[in-house]
Structure formats: C-alpha cells, structure tokens
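6 protein chains.
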Amino acid sequence: MEKLTHFNEEGRAQMVDVSGKPETVRTAIAQSSIEVNGTIYEHISKNKVKKGDVLAVAQVAGIMAAKKTWDIIPMCHPIPLKGINISFEWHEEKDDHKQLVIKASVKTIGNTGVEMEALTAVSAAALTVYDMCKSIDKGMVIGPTFLMEKTGGVSSQDYRR
Amino acid sequence: MEKLTHFNEEGRAQMVDVSGKPETVRTAIAQSSIEVNGTIYEHISKNKVKKGDVLAVAQVAGIMAAKKTWDIIPMCHPIPLKGINISFEWHEEKDDHKQLVIKASVKTIGNTGVEMEALTAVSAAALTVYDMCKSIDKGMVIGPTFLMEKTGGVSSQDYRR
Amino acid sequence: MEKLTHFNEEGRAQMVDVSGKPETVRTAIAQSSIEVNGTIYEHISKNKVKKGDVLAVAQVAGIMAAKKTWDIIPMCHPIPLKGINISFEWHEEKDDHKQLVIKASVKTIGNTGVEMEALTAVSAAALTVYDMCKSIDKGMVIGPTFLMEKTGGVSSQDYRR
Amino acid sequence: MEKLTHFNEEGRAQMVDVSGKPETVRTAIAQSSIEVNGTIYEHISKNKVKKGDVLAVAQVAGIMAAKKTWDIIPMCHPIPLKGINISFEWHEEKDDHKQLVIKASVKTIGNTGVEMEALTAVSAAALTVYDMCKSIDKGMVIGPTFLMEKTGGVSSQDYRR
Amino acid sequence: MEKLTHFNEEGRAQMVDVSGKPETVRTAIAQSSIEVNGTIYEHISKNKVKKGDVLAVAQVAGIMAAKKTWDIIPMCHPIPLKGINISFEWHEEKDDHKQLVIKASVKTIGNTGVEMEALTAVSAAALTVYDMCKSIDKGMVIGPTFLMEKTGGVSSQDYRR
Amino acid sequence: MEKLTHFNEEGRAQMVDVSGKPETVRTAIAQSSIEVNGTIYEHISKNKVKKGDVLAVAQVAGIMAAKKTWDIIPMCHPIPLKGINISFEWHEEKDDHKQLVIKASVKTIGNTGVEMEALTAVSAAALTVYDMCKSIDKGMVIGPTFLMEKTGGVSSQDYRR
C-alpha cells in the first residue's frame, strides 16, 4: 500500500526531506470558483469596468497567499516562487446565478512542487470575493477547488486532470 | 440597489469603519469538505486511531489560519478571536470514495462578524488534508465551502443556511 | 527635558504600558507621495480607467501593511483597527513630472494612537507604486511622509499639522 | 482528574472559548537564561557600553516575539498586549562562565492570561543571544525557562513560583 | 580575540553577508525538554494512544516555527528549509516527575547553517506543551535547550556536543 | 511605449515570471532620512553613547522588514537575502534641526533584484525612529526615500543615481 510521505518513524507528521530531489522548473495550475447571485454579478462585473474592482483585490489576495502557503499549510516547504498569475472567467449557472471561475498558475525552480501554492492562491482569491460581497448575500458557495495540472520534477509525476 | 460596503468614494476598496457597530458576542460556523478515494480514507482513518494523524495536523492548520484571516483576506478586520473549534465527519460517496466534512465554529466579542475566520479555517484544514495525502492521489476535490450560520451584532442580521 | 517613553530603567527599549490610558475612539491621517515621470503617469492614470490598476494594488498593500504595523515597527502595540481608508491625488510638478499624493486615515477604539498605522499604510502604498513602475524608471522619489492629523485619547494631545 | 482544557469532545485540540471569562488587567513574568563562556561575556558586556549591543537586539527580538505568540503557539489566543518589558542580569557560574538571566513582564487587559507571551519573549531573547554569539562558541546552553508570576483573572488563580 | 560577526563597522548589528560561502547540504540537531508532573505525564501519554494528542500539536508548532525562524531571530537569514523532523522521548525524573525530551533535526541546501532553525523548533514545541498543560500545573520547567550537532559548510566547522 | 511588466493579459497585476532570468549576485542600496528637532537629536545621539539606543532598534526594524518585503509589497518575489547592512549619518539642517540619513545595502544571489528590499529597510527604520520619538514631537518628516544603486542581473540594467 502506498505510504503517506508526511509521517516519520514515530508516525508523526514531518516536513519531508526533499534535499535529494532534483532542482527543476516546476509549475502548477489550480482552479476554484464561487457561485454568486445576479446582483453580486452586476456589482463585480460593472465595477470592473469602472473603478471599485473586487477582482483586483481578490487577485492581490491570491498572489500574497500563494507566497505564504508555507505559513498556512503546516507541512509545506518554503519555496522561492518565481511567478504567479491569476485569471478570472464568468460561467452561466441556472436562474440568474453566475459562477466566477478562478485559475492560478504558479512557477518555481526548486526541489518540490507548487501544487499547494496554486491551490492556496485560488482559495484565498475566492474567499476574498466572498468577503467583499457578503453584505449583499451570505449564501455564496465556494468550490469545487482542485488541481488542474502539475509539471516538473520526475516527468512521470506530471499530472493533468 | 444594495451597495458593496468595501468601497470608498473613489470606488476603491477600503477596510470598512466598524467603530460605530455594537461590541457583542458574535459566532460563525462554516463548512468545507474534501472528497478522497478509498486508499486515502484508509490511511487517514486508520492513522487516526494509531499515530500519524492527518486530522490533528489539519485542525491545527485550521485554527492557526483562522487567527491570521486578517492577513490573508485584504479587507478583513483584525479580530481578537475568543474561541475556535474544528470538527470532522466522514460521509459516504459513490464507488469507494468518501467525503470528509470539516466544520469550524468561531467566536469573538467585537464590532464585526467572524464569517471569514470560520471560512478560512475550514479552507486551510481542507488544503492541509490535500497536502498530506497528495502523494497518493492528486485528484482530490475540495468544496463546496460555505457559511452555515452566523449570530451576533444586529440580530436581524443573523444568518442560517 | 521631555523623556523618550520607549525606554525602561536600564535605558533599553520597551513596549510602553498603555493599560492605564483611556479606551477611546482614536484616528490618524498620514500622507506620503511619490514623484513619477510623464510616462509612468500615463501608465498609471490610463490603466486606472481601463483595467490594470496600479493604485488598486497600492491601496491593498497600504491597508494590509497598516494591519501589520505592530509586526514592522518594534515598539508598536498590536491594535485592533476598526477602519482604514486610502486615497490618491495627482499634483503637477515641473517638467512632465507628476506627484502622486497618498493619504491614509485609520480609526480604532483603543488605549493608544494609530499614527504609526497611518504612516505605515502610506509608506507601503508608495513603495508598491515604486515596485510596479520601476521597470520604466528607477529614479522615482518617495516622500515627504508625515502625520497630518491625530485625534482621540487626552484631547490636549490632538495634533494637526 | 483535572482536565486538559485544550481538547474538544472528539479529543482534538481547540482554541478554548474564553468569551465568558472576565476582561481584567492580567500580567505575567517569565524567566529564561543562557550560559556563556568568558569570551562571550566579555563581548556582550563590553559592547553594551560601547556600540554593538547584543542585548539591544535580543530585547527587540523578545518584544516582537511576544506580540506574535498567537502565531507561534497554536492554541494561544490573539491578545492585544498593552505593555512588554525585558530586563537582563548577569550571574556568576563556575570557571569563567556567566549566566545571563532574562526576565520579561507582559501586561494586557483581556479575557485570558499572558503567561505564554512572557515565556515566548524570554525564549526568543535567549535564542537571539545564542545566534549572535554562536560564531565564538556553539556550546551555549539556554534555560531553565519558567513562569515566575501571573496575576489577573479570577484572583485564586494568581501564581507565584 | 575572536570577533562577533553580526556587527558592522559602526558596531551595530547586521545580517552578515553569506553570499560568498559555499552552497552545501547543511544539517543541525537541537534538543530541548520540559519537566512535567505525574498528572500531566498521564494526560499526555494516554492521550497519545487515544485521540487528543498534545505532542501532535507541539510538533506542528515546532515545524512551523522552524520555518519562521528568520522572522523571530532578527539577524537570521531566510533559508529555504528542505526537511524538518521532530521526535519525543520520556525520561524518568525524581518523584513522579517525567522529562519530555524534544529533538529537532533540520536540513537545507544553502550558504549558511540551520542551528537556529533547530533550536527554534524545539523551543516552540516545548512552549506548546507548556501552553496545553498549564491549566493543570504552571510549575513546568523548560530546558536545558542546546545544539547537539551541526554539519555542512566548511567541514572543520562541524560541531558535535 | 515601455510596458509595465506587472500586468497579465487581462490587464491585472501578476507576480512576473523571473524563472528565465539568470541567477546572479545582486545588490541594491537605498536611502531615506528623517528630519528631527534639536531635542530629539540630543536624545538619540546621547542615548547612543549611553544605553537606550533608538538607532539600534531602528536598525533591527530595518533588517527584519527587508526580510518580509515580499509580504508587504504585493508583487515582490520572495528572495532568500544573503546580507543586509544599515547605517546612519547625521546632517545639519537649518535652525537646530538635524537630518538622520539612513542607508541600507542588501545582497542576494537570485533571479531578480533587491531594490524593494533596500527601500523597505530604510522606510521601516525611519518609521521606527518616528515611533520612538513621537512623544516629543509629532512633526518629524520622513524622506526623500530613493534608490541609490543597483547591480547584478543583465549588467546594462545596473543603476546609479
């Protein structure tokens, strides 16, 4: 049976030793989303072309959170990230609801992957949208949140959903 | 039309002035979940009764993240949290998949609510489970993540999903 | 001769005991600025009405920095801020240069003032503008940075520049 | 048998709900120490009267660490500290060794005590002395570290070593 | 006389330039301990085999603190840690007291050593045990805390206690 | 027209991908200053030769802030800094005023420059001086703050003011 690599001989959690893994370019893309009602959709999308820009704040939040993933997820390695990009897309839902799809792509040169950084970025961005719109409706739903793609390291470990 | 309260007169984001709101006991409960395959379920649930405890780490992650919500979500107020509790529950899914349901309840005495703290706690806990099990399967899916309940402040603003 | 209040009997720095001071509404307004050339001015101000918004990022930076003033300025008290607002204004300078004036107003209910939070907010906002425009010109100059106004606490200590 | 208050009904850790406890002035004093050899003692104590001041850096470290105790000790509450003071004293040891005794006193007005803040302050100060002198001797020993005194809250819970 | 390397020409502290030192695998092992009474020993060791796991929390605390050593110890370099492992062992003391011995081993590939990271990890773990058991007895004593071993860099600088 | 490199195709901010840039030694020197009245000058400069040392605290603040530049300036890369040095100099101003000039030099080996780290260091140091002297006079003025020099990377991009 495959082993959970985050545990030491006592069965307790550890930050796995990755010093023997190759230092290569590594990328990851993750996706989250948040479903909002029509009123919120109007606010966010109209504000975008005017001034108050929910998505600009959400994106800063996502980028800053990616950089502190190691401080949020206990067993994550501190990784000197080389690039982070976050993008948004609106999808239609039933009724007047819309789904804001959030994608983050993260890149580093290092000994271990950046899946958690990408997943943390989209999570923080989605939470920020919730925060900024919750005065209108607290019923917004975040997710599903998942890894879309991962490259680098031993190539057989590349992942594509 | 209802207004997004996070914007100032220039239409830019601000941290809303809550100094005029009453200082009362405020609580929030949020829920997230993560769907895992049978192998991961075995690992997590067996480890729980033995030693290596994924959920113990996830829960510490959730509690610590709740305390730094103000540093992750840009427009959130720093709030001196008075209590945080995180609990877990397994639900059956189709095939051999299981859904780990994560609930966080947060309490404070303050001028503004703690919805974001509860939502951040469950998000960080779910991300931590993903991190600790991703060596087995990267296809785990996080969410839906949502607010279940909020009390305190002006009572007409209490929320129950 | 007036005494520096940040030192203990050994002459070393301390975080002054403010537990005996009244808990009142306290506000502070600080100002900084950054002088940029015409090209940068074009970029920032045109982007503002389109999409890429330097000032939106600068403002998020200012708000988030205000919240961690206690972690940047060693002898500052951790203060639960109740509101932060940042605004921008362009002034003409000689040649084609423009000065971006940045103001932050901060509010709390507490035992000590929020001057440092306002000063830290405008400093971080100005540094962020520098960061985002430095690929065009590294000669931008930040400052002067100063306190404009402070209210709350013992009223005789109110300050207006 | 007395109960560990940091565990919830599932037997997992929680940040205990203190919202029902009285908001009172609370203080704590903790002590740590570091034993150094004669050469290091000379460096530290001579530098003190000249310029390079190990103890000044150690003290800033202690004060800043006290403020982030909640981010270092997982189940600690975020507490708005009102005052922190750190002092140093040299004690004779056998041979030419000296013991640097470090005391921190911390004060707040809140629902829970500040023992951990005082203990974290002296620990960080001692670690900083180690860091700044380790190029001379890596054999320095830190501790014992303990709580000396605690007041506030329900008075029957005052503690004096 | 050997020089303290943390001071610049003005005699003030600096973060020493290590860019000329070789980038090699570097490890450090540090030890701390905490002496507890019989009741606390029962709680911790019984909980370990059941559910509420003080040591699991302490260990997460140690790992997370190691990662932010650079933010706790002022002159420490930010170091991208590659692995952290923490282990526990009970030793008998007089009466019914027991000593919980905590060891942390830390590994990196870098220009400077990781002694402070290992020392910070065991200190944070010991403080966390204190925090979680202090409702039973505030008289617990932490330490001695010291470096056990250091390898890497110029080999003549390896250290073994 | 030159392009602002911090924006993605949607015109939103991103953390620019620097993984393709060469990993070289990079340095930056920045300067800030703070103008103080004669009383404050007396306090700071006399304390320096005695015990309470404003500049020692300011310098620790500058060094620690440089290390968290990536957490203060949203689009900055996390950079493993290799050395930081801060120095002070007094200049005469009209009346009895003096200007404290603060310089920070920062060094790394990496894919991107450290201008922001040097600018953040001097800003935090100046703010700390303000904080520690504001009980005497709130009219102190910080700045101008600017980049003096930058080396490393593609040599044609070296900058000297």
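Residue numbers (my numbering), protein chains in the order written: chain A, 1 to 161; chain B, 162 to 322; chain C, 323 to 483; chain D, 484 to 644; chain E, 645 to 805; chain F, 806 to 966.
Idealized CB from N, CA, C, for every residue including glycine.
Quick one: is residue i buried, meaning 16 or more other Cβ sit within 10 Å of its Cβ, or exposed?
{"i": "Val476(C)", "result": "exposed"}
{"i": "Lys533(D)", "result": "The pLDDT assigned to Lys533(D) is 49, lower than 50, so where the model puts this residue is not dependable; a value taken from the coordinates is nonetheless given after this. The residue in question, Lys533(D), is exposed, as its Cβ has fewer than 16 Cβ neighbours within 10 Å."}
{"i": "Gly342(C)", "result": "exposed"}
{"i": "Lys460(C)", "result": "buried"}
{"i": "Ser317(B)", "result": "exposed"}
{"i": "Asp178(B)", "result": "buried"}
{"i": "Arg187(B)", "result": "buried"}
{"i": "Lys550(D)", "result": "buried"}
{"i": "Arg965(F)", "result": "exposed"}
{"i": "His167(B)", "result": "buried"}
{"i": "Pro561(D)", "result": "buried"}
{"i": "Gly110(A)", "result": "buried"}
{"i": "Gly152(A)", "result": "buried"}
{"i": "Pro666(E)", "result": "exposed"}
{"i": "Gly521(D)", "result": "exposed"}
{"i": "Ala657(E)", "result": "buried"}
{"i": "Gly816(F)", "result": "exposed"}
{"i": "Glu250(B)", "result": "exposed"}
{"i": "Lys207(B)", "result": "exposed"}
{"i": "His735(E)", "result": "exposed"}
{"i": "Lys311(B)", "result": "buried"}
{"i": "Ile947(F)", "result": "buried"}
{"i": "Glu653(E)", "result": "exposed"}
{"i": "Asp876(F)", "result": "buried"}
{"i": "Lys778(E)", "result": "buried"}
{"i": "Ser32(A)", "result": "buried"}
Could you give the first and the last residue of the continuous alpha helix (DSSP H) run that contains residue i?
{"i": "Ile72(A)", "result": "69-72"}
{"i": "Met75(A)", "result": "Premise fails: Met75(A) is in no alpha helix (DSSP H) and is neither H nor E."}
Could you tell me the boundaries of the beta strand (DSSP E) in which residue i lies?
{"i": "Glu471(C)", "result": "468-473"}
What does residue i pair with, by DSSP beta-bridge criteria?
{"i": "Arg321(B)", "result": "Glu310(B)"}
{"i": "Ala476(C)", "result": "Note on identity: in this sequence residue 476(C) is Val, with Ala being the wrong assignment. Beta-bridge pairing links Val476(C) to no other residue."}
{"i": "Ile884(F)", "result": "Paired residues: none, contrary to the question."}
Do residue i and the ligand FMN come close, with the Cβ less than 7 Å from some heavy atom?
{"i": "Gly199(B)", "result": "This structure lacks the ligand FMN, and indeed carries no ligand of any kind."}
> Along the stretch 76-95 of chain A, what residues have a CB closer than 8 Å to any CB found in chain B?
Replying inline: Cys76
> Fully enclosed by the stretch 242-297 of chain B, which alpha helix (DSSP H) runs are 4 residues long or longer?
Replying inline: 276-294
> What residue ranges within the stretch 174-226 of chain B form continuous beta strand (DSSP E) runs of no fewer than 3 residues, ordered along the chain?
Replying inline: 185-197
> Which residues, taken in chain order from the stretch 262-273 of chain B, show a beta carbon closer than 8 Å to some beta carbon of chain C?
Replying inline: Gly271, Asn272
> Residues in the stretch 670-687 of chain E with C-beta within 7 Å of chain F's C-beta atoms, listed in sequence order?
Replying inline: none
> Along the stretch 304-320 of chain B, what residues have a CB closer than 8 Å to any CB found in chain A?
Replying inline: Gly304, Pro305, Thr306, Phe307, Leu308, Lys311, Tyr320
> What are the residues of the stretch 121-142 of chain A that lie near chain F, defined by any Cβ-Cβ distance shorter than 8 Å?
Replying inline: none
> Using a Cβ cut-off of 8 Å, which residues of the stretch 214-239 of chain B contact any Cβ in chain C, in chain order?
Replying inline: Trp231, Asp232, Pro235, Met236, His238, Pro239
>> What are the residues in the stretch 491-510 of chain D lying within 7 Å of chain B by C-beta distance?
In response: Asn491, Glu493, Arg495, Ala496, Gln497, Met498, Val499, Asp500, Val501, Ser502
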